[in-house]
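Data block below; observations after.
Protein chains: 2
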Amino acid sequence: MRTLGINEIEDIALGASLLGAGGGGDPYIGKLMAMDAIKTCGDVTMMDPEEIGDDDLVIPIAMMGAPTVLAEKGINGSEYKRLYDMVSQFYGKEIKGFFPIEAGGVNSMLPIAASARLGIPLVDVDGMGRAFPELQMVTFTLGGVSATPMALTDEKGNTCIFETITNKWTEDLARAVTLTCGGSVCIALYGMDGATMKKWGVKNIITRSQKLGTAIRGIKQLDKNRTPEASFLTQTGGYKIFKGKITDVLRETTGAFNLGHVMLDGISEYRGQQAEVTFQNENLTATVNGRIKATVPDLICLVDTETFIPVTTDALKYGKRVMAVGLPCYDLWRTPQGLEMVGPRYFGCDTDYIPLEERLSGKENA
Amino acid sequence: MRTLGINEIEDIALGASLLGAGGGGDPYIGKLMAMDAIKTCGDVTMMDPEEIGDDDLVIPIAMMGAPTVLAEKGINGSEYKRLYDMVSQFYGKEIKGFFPIEAGGVNSMLPIAASARLGIPLVDVDGMGRAFPELQMVTFTLGGVSATPMALTDEKGNTCIFETITNKWTEDLARAVTLTCGGSVCIALYGMDGATMKKWGVKNIITRSQKLGTAIRGIKQLDKNRTPEASFLTQTGGYKIFKGKITDVLRETTGAFNLGHVMLDGISEYRGQQAEVTFQNENLTATVNGRIKATVPDLICLVDTETFIPVTTDALKYGKRVMAVGLPCYDLWRTPQGLEMVGPRYFGCDTDYIPLEERLSGKENA
Numbered sequence: 001m002r003t004l005g006i007n008e009i010e011d012i013a014l015g016a017s018l019l020g021a022g023g024g025g026d027p028y029i030g031k032l033m034a035m036d037a038i039k040t041c042g043d044v045t046m047m048d049p050e051e052i053g054d055d056d057l058v059i060p061i062a063m064m065g066a067p068t069v070l071a072e073k074g075i076n077g078s079e080y081k082r083l084y085d086m087v088s089q090f091y092g093k094e095i096k097g098f099f100p101i102e103a104g105g106v107n108s109m110l111p112i113a114a115s116a117r118l119g120i121p122l123v124d125v126d127g128m129g130r131a132f133p134e135l136q137m138v139t140f141t142l143g144g145v146s147a148t149p150m151a152l153t154d155e156k157g158n159t160c161i162f163e164t165i166t167n168k169w170t171e172d173l174a175r176a177v178t179l180t181c182g183g184s185v186c187i188a189l190y191g192m193d194g195a196t197m198k199k200w201g202v203k204n205i206i207t208r209s210q211k212l213g214t215a216i217r218g219i220k221q222l223d224k225n226r227t228p229e230a231s232f233l234t235q236t237g238g239y240k241i242f243k244g245k246i247t248d249v250l251r252e253t254t255g256a257f258n259l260g261h262v263m264l265d266g267i268s269e270y271r272g273q274q275a276e277v278t279f280q281n282e283n284l285t286a287t288v289n290g291r292i293k294a295t296v297p298d299l300i301c302l303v304d305t306e307t308f309i310p311v312t313t314d315a316l317k318y319g320k321r322v323m324a325v326g327l328p329c330y331d332l333w334r335t336p337q338g339l340e341m342v343g344p345r346y347f348g349c350d351t352d353y354i355p356l357e358e359r360l361s362g363k364e365n366a
Numbered sequence: 001m002r003t004l005g006i007n008e009i010e011d012i013a014l015g016a017s018l019l020g021a022g023g024g025g026d027p028y029i030g031k032l033m034a035m036d037a038i039k040t041c042g043d044v045t046m047m048d049p050e051e052i053g054d055d056d057l058v059i060p061i062a063m064m065g066a067p068t069v070l071a072e073k074g075i076n077g078s079e080y081k082r083l084y085d086m087v088s089q090f091y092g093k094e095i096k097g098f099f100p101i102e103a104g105g106v107n108s109m110l111p112i113a114a115s116a117r118l119g120i121p122l123v124d125v126d127g128m129g130r131a132f133p134e135l136q137m138v139t140f141t142l143g144g145v146s147a148t149p150m151a152l153t154d155e156k157g158n159t160c161i162f163e164t165i166t167n168k169w170t171e172d173l174a175r176a177v178t179l180t181c182g183g184s185v186c187i188a189l190y191g192m193d194g195a196t197m198k199k200w201g202v203k204n205i206i207t208r209s210q211k212l213g214t215a216i217r218g219i220k221q222l223d224k225n226r227t228p229e230a231s232f233l234t235q236t237g238g239y240k241i242f243k244g245k246i247t248d249v250l251r252e253t254t255g256a257f258n259l260g261h262v263m264l265d266g267i268s269e270y271r272g273q274q275a276e277v278t279f280q281n282e283n284l285t286a287t288v289n290g291r292i293k294a295t296v297p298d299l300i301c302l303v304d305t306e307t308f309i310p311v312t313t314d315a316l317k318y319g320k321r322v323m324a325v326g327l328p329c330y331d332l333w334r335t336p337q338g339l340e341m342v343g344p345r346y347f348g349c350d351t352d353y354i355p356l357e358e359r360l361s362g363k364e365n366a
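Those sequence lines, one after another, are chains Z and S. If you're matching positions, the first sequence starts at 1 in the UniProt record's numbering and goes up one per residue. If you're matching positions, the second sequence starts at 1 in the UniProt record's numbering and goes up one per residue.
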């Protein structure tokens, strides 16, 4: 158990934004939401997953929709209480902890804001260890946990409670309502007991986000032995995929997703080479000179070549210089069950999944 | 209080199909649903609205979606119980009566089937006195009754409970889910106490449907004093708008609606004239030789020129000979509040509402 105050927020948002792999929302918006809640209502108590009782009700809370919409259509603050009431009434018991469904600039922050405003502990766990675009894409689905009952509310006060026969149906129905509500809503789903959360959750993800954020902010402090880039890669455990200047961005907001791709013209040691990164909220594939170098579920992150600050898919702009970095995904995503749910073929990319490390070492040709 | 058995169903379905004004679903499907339920579970007790206690919970139950879809994607029978459980759990009390939300071939029948299967009384009342395409278009909305909590289920077992800030939001969110569920679902909404139902409902609509059905079936029995057509018009209180052969049907299933128009080439005394009827599930306007002769909220019904059986918008076919008949709508729809909700302008028809009787008498030019 430890306390999260204003000072911790900046680093958590920054690190979570890297783990968002292009999605998970704008960390600036997320940061403001969490800071405002903490300023108004006080610090948040963050529990280690092991500190939660096996029978305690815990539930992830998140925003659903296109990050592009989220940037303009915020929340009004009453959503947390509404979701709490819907969930606790449904289960007939109080909620003992909120946690993020995914890591991302907004979705790591929203549970912190909710915890601050309602005085409920935050749990240091999530269901992805990164961000994914669809609701069923959580470790909990692999563990047989139902996404429903799911509570949804928009900022106007409309609400829905879903119960569905599969977690993919939860995604489909909630997505339709999200679109109708204007493209972005607040949700609580995958309510579960502490034992299940401990068994299937990606643990200590908020702490990991904070450490990554602290590291990124510290890169600029001179390290005689390493370049800033080498320092960034070492401290994040990242693999360099490409460095380039953005020459084209195609981005559509369709079905409450940001869909598109970004084209990069190589710089530095990549001069004369081309790369493409495709995305559905999150980055899906990275291709260099026509060869795939990384795919989901591994994390493909674009970061500013000078500041190493992650660039989300809704902030991609012509002319920006970015480094494409790969981070290995959570182990469970590399199992056959995990790859069936979030592997490249699910997203329409006709290639087998090969771990990032192998693709980059050239071993996949062996 | 009286009992509805197999014998009553045929006439109720036929008459309700006329009041459906082109919508409300295929009476053949509706009839089979109700008959099957009565055969399996026994007759239904139908209560007069006045027999319901002021504090008793009563609720309409209906199908939502495009009639074209409904014809192929039926219900599996478990929906009634699921809706009952959702509603009674939400209100914390038992449901004392089901009733139709609208008059129509399917939507007058579904509550009969539900009443039979669950052994709950049916109430002889509805919320439109005809069929309308959108959920908020009920007398209860004019009475300030909330459509929510609304329960929705599809035949697969997915469910939602909506609570919305306006009844139009109920329509919008439920429509999105209906589309995602394949275009047709079962719903229960506008739960209310008996007092409210008695104050705002369109009373004795099932009895009226039955009488209309009996009359239509009896037209063929020779009446020396009248032609069958005159007999039909007298007994239904209808106004003849046009008679013609269908020369064109444009029908799209969009947004879980049947949208389109039908073109008629005049026959008999209308030879050489042309008419057009537009529809959104239900018929919206009837225009003869370029002049509007009837609009919503008055009922525009197309009936077979020989059998006088109503033709729903999903059954319109090239070459069919039909009579366009107008029936005056329920009084409440002719008030400014009623016309704002269901008048021609709401449906994009740029004309003031003028009662059917005036338009046909030519008085609207006076």
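Note that the Cβ used here is the ideal one computed from N, Cα and C, for glycine as well. All figures in this text were calculated on a predicted structure; none of them were measured in a lab.
Is the distance from the Cβ of residue i to the Cβ of residue j below 8 angstroms?
i: Leu83(Z); j: Ile112(Z); result: no
i: Thr180(Z); j: Asp172(S); result: yes
i: Met64(S); j: Val106(S); result: no
i: Ile6(S); j: Ile29(S); result: no
i: Asn258(Z); j: Glu155(Z); result: no
i: Met1(S); j: Asp43(S); result: no
i: Phe140(Z); j: Tyr190(Z); result: yes
i: Thr45(Z); j: Leu135(Z); result: no
i: residue 369(Z); j: Ile300(Z); result: Nothing about residue 369(Z) can be reported from this structure: the residues present for chain Z run from 1 to 366 only.
i: Pro344(Z); j: Val296(Z); result: yes
i: Met263(S); j: Gln274(S); result: yes
Our contact map puts residue i next to residue j with C-beta atoms below 8 angstroms; I'd like the distance itself, whole angstroms only.
i: Val138(S); j: Ile187(S); result: 13 angstroms between Cβ atoms; not a contact.
i: Gly326(S); j: Asp298(S); result: 6 angstroms
i: Val58(S); j: Met197(S); result: 5 angstroms
i: Ala103(Z); j: Met128(Z); result: 7 angstroms
i: Asp56(S); j: Phe99(S); result: Between Phe99(S) and Asp56(S) the Cβ distance is about 12 angstroms, and since that is not below 8 angstroms, they are no contact.
i: Ile246(S); j: Leu316(S); result: 6 angstroms
i: His261(S); j: Phe279(S); result: 7 angstroms
i: Ile267(Z); j: Ser108(Z); result: Between Ser108(Z) and Ile267(Z) the Cβ distance is about 31 angstroms, and since that is not below 8 angstroms, they are no contact.
i: Ile161(Z); j: Cys349(S); result: In fact, because the Cβ distance is near 37 angstroms, the residues do not count as touching under 8 angstroms.
i: Gln210(Z); j: Gly15(Z); result: 6 angstroms
i: Val322(Z); j: Thr305(Z); result: 6 angstroms
i: Asp26(S); j: Gly213(S); result: At roughly 15 angstroms, the Cβ-Cβ gap does not stay under 8 angstroms, so Asp26(S) and Gly213(S) are not in contact.
Who are residue i's beta bridge partners in DSSP?
i: Tyr239(S); result: Gly326(S)
i: Gln274(S); result: Asp265(S)
i: Asp304(S); result: Val322(S)
i: Ser184(S); result: Gly65(S)
i: Lys245(Z); result: Asp265(Z) and Arg321(Z)
i: Thr207(S); result: Answer is none; Thr207(S) lacks a bridge partner.
i: Thr153(Z); result: Thr159(Z) and Cys186(Z)
i: Asp193(S); result: Leu57(S)
Would residue i be called buried (16 or more neighbouring beta carbons within 10 Å of its own) or exposed?
i: Tyr239(S); result: buried
i: Ser184(Z); result: buried
i: Arg130(S); result: buried
i: Ala366(S); result: In this prediction, Ala366(S) scores a pLDDT of 40, lower than 50, which makes its location untrustworthy; no coordinate-derived value is stated.
i: Arg175(Z); result: buried
i: Glu79(S); result: buried
i: Pro336(Z); result: exposed
i: Asn283(S); result: buried
i: Ala195(S); result: exposed
i: Gly218(S); result: exposed
i: Ala230(Z); result: exposed
i: Ser361(Z); result: exposed
i: Asn225(Z); result: exposed
i: Asn167(S); result: buried
i: Thr3(Z); result: exposed
* **Members of the stretch 176-187 of chain Z near chain S, C-beta cut-off 7 angstroms** => Answer in chain order: Ala176, Val177, Leu179 and Thr180.
* Name, going along the chain, the residues of the stretch 155-177 of chain Z whose beta-carbon falls closer than 7 angstroms to a beta-carbon of chain S. => Against chain S - using a Cβ distance shorter than 7 angstroms - the residues of the stretch 155-177 of chain Z are Lys156, Gly157, Asn158, Thr159, Cys160, Ile161, Phe162, Glu163, Thr164, Ile165, Trp169, Asp172, Leu173, Ala176 and Val177.
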